[in-house]
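Reading through the structure tokens given below for one structure.
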DNA sequence: TTATGACTTGAACAAGTGTTCAAGTAAACC
DNA sequence: GGTTTACTTGAACACTTGTTCAAGTCATAA
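Chains as they are written, first to last, in this note's numbering: chain X, 19 to 211; chain L, 19 to 211.
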């Protein structure tokens with residue numbers, strides 16, 4: 019085995035994150051992984067099989083980052099720090115500002131059933147994380163007890179999606195931070211109904 | 019000329035909106051438009067030329083809808099109505115919940131310079147519309163005079179992006195409406211700095 | 001030592017891609 | 001009436017796509 023699986027997945031993640039599933043051709047993948055088609059197919063079964071592993075690893079990774087937010091004594095500050103670290107990064111990593119899952123959702127119908135399911139499962143996994151964060155914030159009195167947890171979880175994930183698209187196109191880092199602050203303000207204010 | 023240009027663009031819009039630029043193959047386009055390759059190339063120069071016209075028409079169309087919001091006496095109510103009409107529609111039009119521009123942004127790098135510019139110009143055109151709405155709302159005292167207009171315009175466009183992705187995946191229309199209401203609440207509350 | 005099985009190579013394949021082109025049609029203009 | 005112009009047709013083109021396969025490598029287990 020020439021390269022460890024984690025190495026390979028990492029390189030594949032970068033490629034899929036930059037180009038998307040469709041646009042990343044097998045020849046791009048072969049070059050990025052420094053592997054020949056036969057190796058890739060023997061190890062990952064297909065382009066989609068590789069993509070699926072990438073998505074699952076991406077979700078697990080994000081989930082882990084979010085779990086440190088949940089475990090923080092001040093979850094809202096930790097959440098802010100998480101947002102900043104995900105959205106403000108050097109130019110050569112700009113592509114990482116977009117969410118790999120959201121990017122994949124736009125090409126969901128071009129994926130087979132397995133790939134599709136991985137993406138959707140990932141979305142729901144992360145939603146659960148956001149819910150836990152809101153719950154923790156309520157427990158620690160960082161948010162009012164009246165906060166509608168489920169609604170706020172959807173909203174928060176939603177804000178994250180919007181922020182990522184905004185950050186992707188935005189060159190002014192301060193504008194991004196300002197947008198993050200707005201999210202934290204609105205999280206504490208009132209909810210409809 | 020077998021079909022009027024507006025007809026053709028309309029059909030092409032549906033296709034690109036559903037499948038995206040890349041995934042909509044020339045053979046899909048030929049079928050959707052009921053035209054043979056030569057006709058398409060004689061009239062639109064290339065797949066990207068057609069796409070460009072579609073994007074420009076889409077932007078002009080959205081711009082026009084937003085200008086009725088601007089001209090409304092109660093711009094915030096009109097804005098809410100606009101959101102509802104764009105985000106809550108029958109199942110067979112679900113694909114229209116996603117923003118064609120945002121969908122295109124994810125495949126921006128696969129477009130040539132002209133197509134890319136059309137998409138970016140469209141984004142900035144719509145931002146200007148959102149700014150006018152905020153300005154109008156301030157003028158009519160629907161929003162506090164202290165509202166930072168530029169920041170709010172970015173924020174509003176951003177919210178629209180998030181809402182569209184949310185609505186795309188959401189089956190419960192009430193949850194979408196609730197999310198729209200949250201936007202209108204937050205628009206009126208405080209801003210960072 | 002031999003056998004197994006996971007992994008690797010690189011040429012090849014069938015199907016799909018966007019695009020071109022010679023030829024034809026028909027309305028508009030001189 | 002003749003010429004131009006915009007449009008149409010459908011076969012064909014060169015290239016790219018994801019995938020396969022026979023053959024080879026090499027560590028581990030029997």
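For glycine and all other residues, C-beta sits at the position ideal for the given N, C-alpha and C.
Bounding residues of the alpha helix (DSSP H) (the contiguous stretch that carries residue 11(L)): Any answer about residue 11(L) is impossible in this case: the structure gives chain L only from 19 up to 211.
When you compare each of 157(X), 186(X), 22(X), 204(X) to residue 121(X) by their alpha carbons, which one comes out closest? Translated into the one-based positions of the first chain, residue 121(X) becomes position 103. Nearest C-alpha to residue 121(X): 186(X).
Selection of the region 174-192 of chain X by Cβ proximity to chain L, strictly under 9 Å: Per Cβ criterion, the list reads 175, 176, 177, 178, 179, 180, 181, 183, 184, 186, 187, 188.
Relative to chain X, which residues along the region 41-56 of chain L have a C-beta separation below 9 Å, given in chain order? 41
Listing by chain order, which chain L residues have their CB less than 7 Å from the CB of residue 120(X)? Within the first chain, residue 120(X) is the residue found at index 102, counting from 1. 183, listed in chain order.
In chain order, which alpha helix (DSSP H) runs of at least 4 residues are fully inside the region 91-121 of chain X? 93-105
Unbroken alpha helix (DSSP H) runs of length 4 or more, entirely within the region 54-82 of chain X: which are they? 55-62
Within its chain, find whatever has a CB closer than 6 Å to the CB of residue 96(L); leave out the 5 residues flanking it on each side and keep chain order. Here residue 96(L) corresponds to residue number 78 of the second chain, with the count starting at 1. The residues are 87, 90.
Residue 205(X) to residue 103(X) span [Cα, whole Å]: For the purposes of this step, residue 205(X) is identified with residue 187 of the first chain, where counting begins at 1. For the purposes of this step, residue 103(X) is identified with residue 85 of the first chain, where counting begins at 1. Rounded to the nearest angstrom, the two C-alpha atoms are 19 Å apart.
First and last residue of the alpha helix (DSSP H) that includes residue 161(X)? By 1-based counting over the first chain, the position of residue 161(X) is 143. It is not in any alpha helix (DSSP H) - residue 161(X) carries neither H nor E in the DSSP assignment.
Give the secondary structure of residue 188(X) by DSSP, where H, G and I count as helix, E and B as strand, and everything else as coil. Counting from one through the first chain, the residue named residue 188(X) turns up at place 170. Correct three-state label for residue 188(X): coil.
Give the secondary structure of residue 140(L) by DSSP, where H, G and I count as helix, E and B as strand, and everything else as coil. For the purposes of this step, residue 140(L) is taken as the residue at position 122 of the second chain. Residue 140(L): helix per DSSP, three-state reduction.
Sorted by chain position, which residues of the same chain lie with C-beta nearer than 7 Å to residue 169(X)'s C-beta, five sequence neighbours on each side aside? Numbered from its first residue, the first chain carries residue 169(X) at position 151. Counting only Cβ-Cβ distances below 7 Å, and skipping sequence neighbours, we find 209.
So which residues of chain X does residue 38(L) contact, with C-beta pairs closer than 7 Å? What you label residue 38(L) is simply residue 20 of the second chain in a count that begins at 1. Residues of chain X whose Cβ lies closer than 7 Å to the Cβ of residue 38(L) are, in chain order, 124, 125.
From residue 123(L) to residue 188(L), what distance separates their C-alpha atoms? Locating residue 123(L) in the second chain gives position 105, counting from the first residue. Locating residue 188(L) in the second chain gives position 170, counting from the first residue. So the two alpha carbons sit approximately 22 Å from each other.
Pull up the distance between the alpha-carbon of residue 71(L) and that of residue 58(L), whole angstroms please. As a position in the second chain, residue 71(L) is number 53, starting the count at 1. As a position in the second chain, residue 58(L) is number 40, starting the count at 1. Computed Cα separation, rounded: 13 Å.
Minimum C-alpha distance to residue 145(L) - residue among 132(L), 174(L), 127(L), 98(L): Walking along the second chain from the start, residue 145(L) turns up at place 127. It is 174(L).
So with Cβ pairs under 9 Å, would you call residue 204(L) a contact of chain X? Locating residue 204(L) in the second chain gives position 186, where the first residue counts as 1. Yes, its Cβ sits closer than 9 Å to a Cβ of chain X.
Excluding five sequence neighbours on each side, which residues of the same chain lie with their C-beta closer than 7 Å to the C-beta of residue 126(X)? Against the first chain, residue 126(X) aligns to sequence position 108. Answer for residue 126(X): 134, 137, listed in chain order.
Please name the residue in 184(X), 26(X), 67(X) whose C-alpha comes closest to that of residue 39(X). By one-based count along the first chain, residue 39(X) stands at place 21. Nearest option by C-alpha distance: 67(X).
Exposed or buried, what is residue 160(L) when buried is set at 16 or more other beta-carbons lying within 10 Å of its beta-carbon? Within the second chain, the letter at position 142 stands for residue 160(L). Classification for residue 160(L): buried.
Looking at the unbroken alpha helix (DSSP H) that takes in residue 34(X), where does it start and where does it end? For this step, residue 34(X) is matched to residue 16 along the first chain. Per DSSP, residue 34(X) belongs to the alpha helix (DSSP H) from 23-37.
Is there a C-beta anywhere in chain L that falls below 9 Å from the one on residue 143(X)? Here residue 143(X) refers to the residue found at position 125 of the first chain. Taking Cβ atoms only, chain L never reaches closer than 9 Å to residue 143(X), which makes this a no.
Flag this pair as yes or no: are the beta carbons of residue 44(X) and residue 20(X) separated by less than 9 Å? Sequence index remark: in the first chain, residue 44(X) carries index 26 (1-based). Sequence index remark: in the first chain, residue 20(X) carries index 2 (1-based). No, Cβ-Cβ distance for residue 44(X) and residue 20(X) is not below 9 Å.
May I ask you to report which of helix, strand or coil DSSP gives residue 173(L)? Residue numbering aside, residue 173(L) sits at position 155 when the second chain is read from its first letter. Three-state DSSP puts residue 173(L) in a helix.
Quick one: list the residues of chain X neighbouring residue 209(L), beta-carbon separation under 9 Å, in chain order. Locating residue 209(L) in the second chain gives position 191, where the first residue counts as 1. Ordered by position in chain X, the residues that pass the 9 Å Cβ test against residue 209(L) are 196, 199, 200, 203.
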